[in-house]
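Numbering (the numbering used here), first residue to last: 5 to 226. Ideal Cβ positions, reconstructed from N, Cα and C, are used throughout, including at glycine. None of the values given here were measured: they were computed from a predicted structure. Have a look at the structure below, then the notes.
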Amino acid sequence: MAILVAIHVGMPKDHGRADASDPLEQPWRSGIFKDSVKGPVWLGRTNLAGDGQADTKHHGGPNKAVLGYSAEHYPDWNRELAPLEFPHGGFGENFTISGQDELSVCVGDTYAVGDAVLQVSQPRQPCVNLARKWRLPDLPALVMKSARGGWYFRVLIEGHVEAGQDVRLVERPFPDMPIARVFALYRDGADRETALRLAACPLLSPSWRKAFAEMAEQSRAK
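Here is the structure:
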């Protein structure tokens, strides 16, 4: 059984310095710095209470309401990137979940957590803010290479959620579409037949469906 180990929320804040020469230190604004919260938290259609995004074009919205991340990844990152220590929430996730990872979670999975019902919408592709947060320019590329980026949920039923609750699988319509596979196909390229199938998947978020449709068209043109 998967368990919601911790919940993290954070509102956008300004970071960096105007006089910085290092691009990672120059002014930026993000909600990637999050704090763990105890007790029941309201989960709405687009956000947890107390959570927000600065760049709403690329982050947040109904298909990226909640970012999930595997608790089992943290020992690996802490070993691989020592002496840095990554706490839960360190990758900007809202839900740190034990018993799940990108190999066991599939696009379209529906889960019950507390009073809420969530559905997996797409893999998470890390952005430069993850590098800025940890001052590690190569971190997004390491996440991409390892396919340990996490996954997004859309919210089907709003409700209160709380750390320590079960993450219970309700439905799995696409068991052959684990997040790790979909992410690898997006990263490395898919054959035309597979790209067309993903482009037509109704539970994959629209932006990823569009990306696979473009991939299929490019493959046809060759």
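What does the Cβ neighbour count give for residue i, buried or exposed, with the cut at 16 atoms within 10 Å?
i      : result
His63  : buried
Asp105 : buried
Arg139 : exposed
Gln57  : buried
Met181 : buried
Leu202 : buried
Our contact map puts residue i next to residue j with C-beta atoms below 8 Å; I'd like the distance itself, whole angstroms only.
i      : j      : result
Ala22  : Pro31  : 6 Å
Leu207 : Phe187 : The Cβ separation is near 16 Å, so there is no contact.
Arg213 : Cys205 : 7 Å
Phe95  : Leu134 : 7 Å
Leu28  : Gly154 : Incorrect: roughly 21 Å between the Cβ atoms, too far for contact.
Shortest alpha-carbon distance to residue i belongs to which of the options?
i      : options                     : result
Val117 : Pro144, Thr50, Leu173       : Leu173
Thr50  : Tyr73, Gly65, Thr114, His19 : Gly65
Lys120 : Glu162, Gln222, Leu71       : A small fix is needed here, since residue 120 is Ala in this sequence, not Lys. Answer by Cα proximity: Glu162.
Asp26  : Pro141, Leu85, Ser34        : Pro141
Ser74  : Arg176, Pro91, Ser211       : Pro91
Less than 9 Å separating the beta-carbons of residue i and residue j?
i      : j      : result
Trp81  : His164 : no
Val9   : Ala69  : no
Gln123 : Tyr190 : no
Cys131 : Ile183 : no
Val13  : Asp55  : yes
Ile7   : Ser40  : no
Lys137 : Ile36  : yes
Arg33  : Thr114 : no
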